[in-house]
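Just so you know, we're using the UniProt record's numbering here: the sequence shown kicks off at 1 and counts up by one.
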Amino acid sequence: MVTGWQVAVLSRGDRRKNRRVACGDRWIPHRADHPRSGQRQGLRSGGDGRSLRYSVGASRDEVASAEMAEYDNGIHLDGSVSLADGLFRSGFQEGRLATQRQDRSGEYRPLLADQADRWKLLSLSDGNVVSLAKDATTGGMAVVVEPNPGDERFSASVREPGGGRIAALRQGQSTVGEREARPSLVALRTDDDRHPAICGASACISRVITAITWRPASDEVLFTTTSREAGFAQSIFRWNVLTGEVRRVADSVGELSDGNRLDPGACAATRAAMICVAASADQPPRLERVDLSNGQRHILFEPNQLLARDLAQAPRARLIQWTDAEGIRYSGQFYSASRVDARPSPLFIAYYRCAGFLRGGMGDEWPLAVLAQQGIAALCVNGAPHVDDALVRYDQATGAIERIVQSLAKAREIDPSHVGLGGLSFGAEVSMWAAMYSDIPRAISISTPVASPSLWTFMGLWAGNNADRMQRFWQVGSPEQTAERWRKLSPAYDPARVKTPVLMQMSEQEFRVSLDYAVPMIKSRRADAYVFPNEPHQKFQPRHKLAVYQRNLDWFRFWLLDLADPDPAKASQYAHWREILDAQRHPSR
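In structure tokens:
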């Protein structure tokens, strides 16, 4: 039986304290966690197969001194300080609690993160480290380069190892139905080449290319295509930039990538093979070697064998596809519920992105396979391609959810009167929107705040960045300037619009921006809320993941199956939820 609590590894984007670097069948400890080492910034091959080049920023001692200086003298509030977060050592950075600042993009960084990098050379044979000159850092692998300043032709580019040629993606136009741009693949002989070679093969034209890299010591560019319609399934091809020939290397029903779950990049490449993190809906991440000559795949390292074995006994995900009223195509991974009779089962839906291994939707907080095992069918929906208008995005998502609920209900796979929604970030926004404006959800669970006036206040010192971001994401200005749109967006103006019970399991970094609507919802018995200390936008601490999984499972079993865990330790939890249920049944009390 799947317990649902195992943690799958080998995915970038997870935070891990211990970092090690693979070399053949050996593991070399990396020194990023040494008290005096700097923050690791970059990692490249040494070019000789016997060394690695990496860069570090400020040392741990330097960062700690800067933190204590602020602690002693007071922390100056400016645009880099997140007012919604704790101010002193409140978040994990490189395995330790650290004081954080926001950069212009909104990313959280440790103090002194803007200090110039220092490059080191690590010998893989004996572990010795030497400092490198600034001009001796490129090594012998493909290096990602930024497009030329002011050159908007390319959305991504990579220089060939030891050469001057550049492979690049030139942004294309979106297609009807998908509304997703298909970039074209080109190769430049030099940085200033205005007449690049263009890949005209069907694989380049009819598919969405999402990652590129050079095959070392060759004239070939290796590119990855991703199909949203097929549940973000990926394929790898090789393109000869001189002859124009394109050959398929490998296909997958899931991901073949560098392991970055949010924005998967190209696998690492040698002349003979690519080394990829392979994962699919039912297959936890593992390291594979893909032969570039024949596409044969060989497992190098499988750290999640026990989890994969358990999942083999659980309900399996199946890819489903549908089209909404506007002709937009959607895909999702559906887990049929284990049933005790012929009655249609309840349904839980996580809306956002469902690529690779599905631990629990975007943010990994809703154990999909376990929900299905417990009698609640589960569906992870890949959202529509991005459109600028937030209200259009929310209406599209709600329409897609309503359409697939109708379809599954017609097939008697689910009970449309017992549907739960949940999500992180955009998924949380969609869930709250549906709770306000749709009759679909019976209960929802969110892990991040939604847009509200308090967000504008807490981000106020971010000055122009805040205004630009609020306009870009939600098309709002200050609550005074765009009052009507704010009222449409935010539950803060009328919490009674939220028609279903809400479970909030938020991070300490973000929960404060929800208080203008969370507090009245808690007081009016519309919501139950928990906050997890020292957590960022996506929670990563295993103990917190376990608590979140368990509570979400309890929550939807309570609201969708009318079941409660008899564990005495949970008595107060269920007593509170019954108060919420009573308030739902008797709103005038």
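Idealized CB from N, CA, C, for every residue including glycine. Quick caveat: nothing in here was measured; it's all calculated off a predicted structure.
Three-state secondary structure assigned by DSSP to residue i
i, result
"Thr190", "coil"
"Asp341", "coil"
"residue 602", "Past the boundaries of the shown model lies residue 602; the chain is included only from 1 to 589, so the question cannot be answered."
"Val392", "helix"
"Pro147", "Low confidence applies here, because Pro147 scores a pLDDT of 43, under 50, leaving its location unreliable and the question unanswered by this model."
"Ser11", "With a pLDDT of only 47 at Ser11, under the threshold of 50, the placement of this residue in the model should not be trusted, and no figure is reported."
"Trp106", "Inspection of the sequence shows that residue 106 is occupied by Gly rather than by Trp. If DSSP states are grouped into helix, strand and coil, Gly106 belongs with coil."
"Asn304", "coil"
"Pro587", "coil"
"His537", "coil"
"Pro284", "strand"
"Cys267", "coil"
"Ile376", "coil"
"Met274", "strand"
"residue 590", "Nothing in the structure corresponds to residue 590, since the chain is present only between 1 and 589."
Residue burial classification, residue i (beta-carbon count within 10 angstroms, cutoff 16)
i, result
"Met68", "exposed"
"Ala317", "buried"
"Asn552", "buried"
"Asp516", "buried"
"Val340", "exposed"
"Asp567", "exposed"
"Lys523", "exposed"
"Val387", "exposed"
"Arg585", "exposed"
"Tyr71", "exposed"
"Ser331", "buried"
8 Å Cβ cutoff, residue i in contact with chain C
i, result
"Leu306", "Going by chain labels, chain C is absent from the structure shown, which holds only one protein chain."
Residue i vs residue j beta-carbon contact at 8 Å
i, j, result
"Arg194", "Arg165", "no"
"Tyr437", "Thr398", "yes"
"Pro281", "Gln333", "Note on identity: in this sequence residue 281 is Ala, with Pro being the wrong assignment. The answer is yes: Cβ separation under 8 Å."
"Gln93", "Gly57", "no"
"Gln296", "Gly254", "no"
"Leu371", "Leu358", "no"
"Ala355", "Arg261", "yes"
"Tyr394", "Trp433", "yes"
Proximity to residue i [Cα-Cα], best of the options
i, options, result
"Ile212", "Lys488, Ala266, Leu256 and Leu77", "Ala266"
"Phe458", "Tyr493, Ser82 and Gln374", "Ser82"
"Ser202", "Glu220, Thr225, Arg215 and Ala187", "Thr225"
"Val548", "Lys499, Gly422, Asn465 and Val513", "Gly422"
"Pro441", "Gly420, Ala269 and Tyr574", "Gly420"
"Asp439", "Glu229, Ile401, Gly383 and Ser447", "Ile401"
"Asp324", "Val381, Val130, Pro285 and Asp126", "Val381"
"Val531", "Thr448, Glu579 and Tyr517", "Thr448"
"Ser257", "Asn534, Ala272, Asn240 and Phe232", "Phe232"
"Gln509", "Ala409, Ala268 and Phe88", "Phe88"
"Asp61", "Leu112, Phe223 and Ile446", "Leu112"
"Pro501", "Arg578, Val129 and Leu563", "Arg578"
"His418", "Phe556, Pro495 and Leu424", "Phe556"
"Ser445", "Ala411, Met506 and Arg487", "Met506"
"Leu561", "Ile75, Asn73, Ile414 and Arg286", "Ile414"
"Pro110", "Ala377, Ser65, Lys410 and Gly74", "Ser65"
"Ile205", "Glu220, Ser336 and Pro183", "Pro183"
Residues that DSSP places opposite residue i in a beta bridge
i, result
"Leu120", "Per the sequence shown, residue 120 should be read as Lys rather than Leu. Lys120 pairs with Tyr54 and Ser131."
"Gln505", "Tyr530"
"Glu255", "Ala279"
"Phe458", "According to DSSP, which records beta bridges pairwise, Phe458 is partnered with nothing at all."
"His386", "Note: His386 sits in no beta bridge, so no partner."
"Thr226", "Gln234"
"Val419", "Leu347 and Pro441"
"Ile205", "Partner(s): none; Ile205 has no beta bridge."
Near the ligand MN: residue i beta-carbon under 7 Å from a heavy atom
i, result
"Leu319", "This structure does not include the ligand MN; it has no bound ligands of any sort."
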